[in-house]
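Engineer: Structure below; questions to follow.
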Amino acid sequence: MALSSEDLNEIDSIIVEYLVEGRVTPVYLRERIIDEKIRESISEQYLGQRLKRLQEHNHVKNLYDTGLYELQEDPRD
Numbered sequence: 001m002a003l004s005s006e007d008l009n010e011i012d013s014i015i016v017e018y019l020v021e022g023r024v025t026p027v028y029l030r031e032r033i034i035d036e037k038i039r040e041s042i043s044e045q046y047l048g049q050r051l052k053r054l055q056e057h058n059h060v061k062n063l064y065d066t067g068l069y070e071l072q073e074d075p076r077d
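Its first residue numbered 1, the sequence shown is counted upward by one per residue in the UniProt record's numbering.
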């Protein structure tokens, strides 16, 4: 079952924004979020959990189970 934009929390929405730009990893997301001063700190484990949730709902794909994620379907549409 797909998520709607109302089902996304703040971090989910940020992740989707970065996914629109291209593929991401939890480490890449953490570095961008901190670098762009969206948050002072955030764990890559938490970001990985959020990506897995998006994957469970078929919005992202974990390419070859490497931790590199690609957007499949934007939940905001």
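Virtual Cβ for every residue (Gly too), placed ideally from N, Cα, C.
This one's a predicted model, so the numbers in the text were calculated from it and none came from an experiment.
#1: Do you know how far the Cα of R30 is from the Cα of V16?
#2: Among V60, T66, Y64, which residue has its Cα nearest to the Cα of E73?
#3: Quick one: what does DSSP say K37 is sitting in, helix, strand or coil?
#4: Quick check on DSSP: helix, strand or coil for L54?
#5: When you compare each of L54, Y28, Y69 to L3 by their alpha carbons, which one comes out closest?
#6: Would you call the CB atoms of D12 and R50 closer than 9 Å?
Structural biologist: Looking at the coordinates:
#1: Cα-Cα distance, rounded: 14 Å.
#2: That would be V60, whose Cα lies nearest to the Cα of E73.
#3: DSSP places K37 in coil when its eight states are reduced to three.
#4: The three-state secondary structure of L54, taken from DSSP, is helix.
#5: Comparing Cα-Cα distances from L3 to each of L54, Y28, Y69, the minimum goes to L54.
#6: Yes, these two residues count as a Cβ contact at 9 Å.
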